[in-house]
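Asks: Sharing a structure here in structure tokens format.
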Ligand SMILES: Nc1ncnc2c1ncn2[C@@H]1O[C@H](COP(=O)(O)OP(=O)(O)OP(=O)(O)O)[C@@H](O)[C@H]1O
Ligand SMILES: [Mg+2]
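Protein chains in written order, with this note's numbering: chain Z, 3 to 269; chain G, 3 to 539; chain F, 36 to 408.
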């Protein structure tokens, strides 16, 4: 029964079944590029409402993992489920996004030819079919949403400016704003603070922590102090599979991690 | 046709009758000639037959002139002359026996040795027999081939005679076929079966025709022989099909190599550099016109014109390419659609330029002697030299380019710039220079393709247009940035086209290939041999 | 005066106003003024203007996909031609037995080819309604199928452009064949009348012109609505960052297919309006260079603005008429030069020049402006 629902692909009506407390299941996932295993028999579970940090050396497979969840890359094998019943491997990128998985890219990408306001408008959670888009008018509630997000990301001033004219950091913020507008169940955030000032980094940390609970948040970051400031659970990826998982303290004392990751760093 | 056959039959009948009597046998050419003026339509064939028996060099020439109606005799002394009308209205009178020109005789004093149609065809046959004994083996081969159409033209005795003397193996093979056909026409099933054995897998069209006729003839051939005939025909048919496949593949490969030449320039500019050059076809056109100009400038060097044209066209098109890159394309980096439009504009300008300078009409480019002719591998399969050379030439160009890109410093720089311009520049590669050189290289190769095209199609202002879509499809089909892919795809498309053509006609074949490619691109947008990795995205 | 100028504030109002004025003027001048008057507009000019408006409609359709969605179609000529052929078939059947061979059922070229029945795809072509349906359906269906195949498999950029070019090239070859049943090389021509009105008469020509103007206005209005709707913004988002749009949740392929199909239908309608005015449709309309010329109208006018496309089509077509009359050889030079110059120097087209000029003017004469106020 549950299987069928996801095959039918009526994505608007698909609500992930999280009765077991887990919202993302990745089991035995492998991805290889020309024989090189970017993900190698990876198992990862993200709980509903948690804030999870993913760390790992360059090329460990963090971005690839997000690519697999969002449908950009198809794994060679394995299972990726959203909630218990939605098989993400059967959906395309748009359907996955509509089902409630939002993503911020490592390299900020916004719609440069549109205004900041329009960027948020397009990202709002709603029917994304053509017919609806042709006749759509913003209602009061949606307008309020946009205003609130504009305030959150500090771009109220630039609302009518073109997104293409924003600075790098502002684009980062706009992208986060777009994520918020979509009200996803799961946020995948790839290196959010790269290129941000110290204060902005702090603000981002605050924002992400406040989001957890209502949303599940997965953050990839190299900045260890940032990770330390937000992390409750940390997962270490190494050569495409999970090396260790636990609190920051547990991770730091984990022998394997010491050897391959922190150990390397200290030498 | 039937009348003709009957006449021959009649003639042979007469010959056969006269044979044992040795009625008309002459000592030598001279005595035989004396009989010529007296002969009438009835006795003439017999007489000629006898003359043909003579072992004399002059016989062949007599027959030639006789069939042209140029043999006359003097009424008074029955001396025989050739009268050859000259272009200026006068006649050249030659003594047949001595072969010398005679001055003091007027044409009016002579009367013509009259012939009829049937006599003339008889002469042709006699000549074929004569040729069968010629010293030149090529002439013998031709004569033997002709003989296949009607083996009754040669007597068993003479054939056997010839067979013992023949040294050339190709001629001997045909003689065996003739003998076999003769056996086949005999009323003896054992002989017939033996004959069929040696006819098996012969590709001569005449043999096949005789067999087809024989397979209808239920009277002459017993059922057993009939079966054997059918089997022989089937095996011949098999062979022919095999060779027609071979021919299709050859034509396909030659079309493929034209496509390859047209496309590899593009594979560099588009595939390696990522610049889409709609004026690529016009670079070929410039190459073709360069050939034309060179032939006009050095009319006495036509034989070498292509050899001169190849480097010249490379330079002309290459320089124009560099010019285009420096003046337009470099300002449109990273904007492929704009590049497409701008280069399309350039293609229009170049076309119009050629129209204004040379005229809108097609120009004639001469094919050198060594490009024409063909290599007859067997009666149903021949390879024309120009196509053969083109296949070889395109492969040479392809491999030279491949080696150049792989091994040379410029090749390395080209690939570096194509993959990461900023990084390459940081490594102090002069990316501007590399761009210009690469584009020049691609355009120059297009120019070379133009030289080749000038040998195959009309050289006109629209020459390039016809090839641009094809070239792009070849590159895309093979996988952008992959030279091997371009090779495979060009050859595949060429062969595919030639196999479709006989079934659907050339226009439909082109349409089918186009539509097929459109479908293919949808299935595999990155081509047959896609580039892999993240850089693609 | 100020109120009057306010009528022309937005692009829509500007286009509406100018179209209305021109149409009104041409109608009155052609209908009422004596032929020797200075202001008279001849029947010939009316038809010429009608032709230009068809081009403008075509340019609009190209701009919609290229300017707003980044789909550079080098095959829009095919949709134009298909619409034209649909109309041509209808007009052909209207000739009836007035053709050279006097055959009431078969068009002349079929009699010439010794055919004795109408091919199946000509069925219904004598009905006006069916013709209208086909004008929409033929290009629409082709675009839909092509679009589904191309956009679903994510073919884009120059690949797509070349595929569209291959498409129109294949159609060109196909329509040249007599066996296709569309008149081969010569195409369809020698039309007599439409809905019973003679195509030669001045009033029919004027009516066709007016109809074209109205259709152009309507198309402009609808396109304007589309690009300003949320769907229009999405289309632009797809143009600039297709991948990103997918991750925001838009099925980009279906947006592209829909836009491409709509645009093809517009092109088909332009073709259908064009044919009765010029009196012929032949396979030449499929030739790749025609499709490229449409692209240059849009590039010159200014892509990404609807009125820019219209301006471009009118300016270039007028220039072409002029040029080919004075020195025909120069036209290709000029066209080629335009391609190069516009892409290099005027990426936003003529329309993009306007704001720059206005700014310049204000710099030069700041006072006059103040005085006027
Ligand atoms: N499309 C692709 N083709 C080939 N190799 C790929 C592709 N995508 C990823 N890889 C390889 O997979 C490995 C994992 O890449 P990934 O981007 O997931 O690493 P990462 O953990 O995000 O690294 P970073 O911290 O530097 O962002 C890398 O070695 C990369 O080269
Ligand atoms: Mg990464």
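Even for Gly, the Cβ is constructed at its ideal location relative to N, Cα and C. Here the structure is a predicted model, which is why all the values come from computation and not from measurement.
Label residue 482 of chain G either buried or exposed according to how many other C-beta atoms from any shown protein chain fall within 10 Å of its C-beta, with 16 as the threshold for buried.
Replies: buried
Asks: Helix, strand or coil for residue 244 of chain Z per DSSP?
Replies: strand
Asks: Does DSSP put residue 510 of chain G in a helix, in a strand, or in coil?
Replies: Three-state result, residue 510 of chain G: helix.
Asks: Taking Cβ positions only, does residue 204 of chain F come closer than 8 angstroms to chain G?
Replies: yes
Asks: Assign residue 111 of chain G to buried or exposed, taking buried as 16 or more other Cβ atoms, counted over all protein chains shown, within 10 Å of its Cβ.
Replies: exposed
Asks: Could you give the DSSP three-state label for residue 249 of chain Z: helix, strand or coil?
Replies: coil
Asks: Could you tell me the distance, in whole angstroms, from the CA atom of residue 62 of chain G to the CA atom of residue 185 of chain G?
Replies: So the two alpha carbons sit approximately 29 angstroms from each other.
Asks: For ligand 4, which residues have a Cβ under 7 angstroms from at least one heavy atom, in chain order?
Replies: In the structure on display, ligand 4 does not appear, and the ligands it does have are ligand 1 and ligand 2.
Asks: Along chain Z, which residues have their Cβ under 8 angstroms away from the Cβ of residue 264 of chain F?
Replies: Within chain Z, 135, 136, 137 and 138 have C-beta atoms less than 8 angstroms from the C-beta of residue 264 of chain F, given in sequence order.
Asks: Is the distance from the Cβ of residue 273 of chain F to the Cβ of residue 104 of chain F below 8 angstroms?
Replies: yes
Asks: Taking only beta carbons into account, state which residues of the segment 189-215 of chain F come closer than 8 angstroms to chain G, listed in chain order.
Replies: 189, 190, 192, 193, 194, 196, 197, 198, 200, 201, 202, 204, 205, 208, 209, 211 and 212
Asks: If I measure Cβ to Cβ from residue 25 of chain G and keep anything under 6 angstroms in the same chain, skipping five residues before and after, which residues do I get?
Replies: Note that residue 25 of chain G scores 45 on pLDDT, short of 50, meaning its location in the model is unreliable and no value can be drawn from it.
Asks: Taking contact to mean at least 3 C-beta pairs separated by less than 8 angstroms, is the segment 355-363 of chain F in contact with the segment 138-153 of chain Z?
Replies: no
Asks: Cβ closer than 8 angstroms: which chain F residues qualify as neighbours of residue 344 of chain G?
Replies: 374, 375, 378 and 379
Asks: Is the beta carbon of residue 40 of chain Z within less than 7 angstroms of some heavy atom of ligand 1?
Replies: At least one heavy atom of ligand 1 falls within 7 angstroms of the beta-carbon of residue 40 of chain Z.
Asks: Name the chain F residues that come within less than 9 angstroms of residue 130 of chain Z, Cβ to Cβ?
Replies: 269, 283, 284, 285 and 286
Asks: At 7 angstroms on the CB atoms, spell out the chain F contacts of residue 166 of chain G, in chain order.
Replies: Ordered by position in chain F, no residue passes the 7 angstroms Cβ test against residue 166 of chain G, which lies about 59 angstroms from the chain.
Asks: What distance in whole Å lies between the Cβ atoms of residue 188 of chain Z and residue 103 of chain Z, which are believed to be in contact at a cut-off of 8 angstroms?
Replies: The beta-carbon distance between residue 103 of chain Z and residue 188 of chain Z, rounded to whole angstroms, is 5 angstroms. This is short enough to meet the 8 angstroms contact definition.
Asks: According to DSSP, simplified to helix, strand and coil, what is residue 377 of chain G?
Replies: The answer is strand: DSSP assigns residue 377 of chain G an E or B state.
Asks: Less than 7 angstroms separating the Cβ of residue 60 of chain Z from some heavy atom of ligand 1?
Replies: yes
Asks: When DSSP labels each residue in this structure, what does residue 112 of chain G get in the three-state scheme?
Replies: If DSSP states are grouped into helix, strand and coil, residue 112 of chain G belongs with the strands.
Asks: Quick check on the burial criterion: 16 or more other C-beta atoms within 10 angstroms. Buried or exposed for residue 278 of chain G?
Replies: buried
Asks: What residues of chain F sit near residue 111 of chain Z, judged by a beta carbon separation below 8 angstroms?
Replies: 276, 278 and 279
Asks: Considering Cα atoms alone, identify which of G/48, G/275 and G/327 is closest to residue 484 of chain G.
Replies: G/275
Asks: Examine chain F for any beta-carbon lying closer than 8 angstroms to the beta-carbon of residue 91 of chain Z, and answer yes or no.
Replies: no
Asks: From which residue to which residue does the alpha helix (DSSP H) around residue 117 of chain G run?
Replies: For residue 117 of chain G, there is no enclosing alpha helix (DSSP H), as DSSP gives it neither H nor E.
Asks: Does at least one heavy atom of ligand 1 sit under 7 angstroms from the Cβ of residue 224 of chain Z?
Replies: yes
Asks: Please look up how many angstroms separate the CB atoms of residue 94 of chain F and residue 203 of chain F, rounded, as I've assumed it's under 8 angstroms.
Replies: Separation of the CB atoms of residue 94 of chain F and residue 203 of chain F is rounded to 17 angstroms, and the pair is thereby denied contact status at 8 angstroms.
Asks: Is it the case that the CB of residue 400 of chain G approaches a heavy atom of ligand 1 more closely than 7 angstroms?
Replies: no
Asks: Between residue 406 of chain F and chain G, is the shortest Cβ-Cβ distance under 8 angstroms, so that the two count as touching?
Replies: Here residue 406 of chain F scores only 48 on pLDDT, less than 50, and its place in the model is too uncertain to base an answer on.
Asks: Tell me whether residue 205 of chain G sits in a helix, a strand or coil according to DSSP, three-state version.
Replies: Judged by DSSP in its simplified three-state form, residue 205 of chain G adopts coil rather than helix or strand.
Asks: Between residue 100 of chain G and residue 376 of chain G, what straight-line distance do the alpha-carbon atoms span, to the nearest angstrom?
Replies: About 40 angstroms.
Asks: For chain F, is any of its Cβ atoms less than 8 angstroms away from the one on residue 325 of chain G?
Replies: no
Asks: What residue ranges within the segment 171-203 of chain G form continuous alpha helix (DSSP H) runs of no fewer than 4 residues, ordered along the chain?
Replies: 171-186 and 191-201
Asks: With burial defined as no fewer than 16 other Cβ atoms inside 10 Å of the residue's Cβ, what is the status of residue 392 of chain F: buried or exposed?
Replies: exposed
Asks: Please decide whether residue 184 of chain F counts as near chain G, where near means a Cβ-Cβ distance under 8 angstroms.
Replies: Residue 184 of chain F counts as touching chain G.
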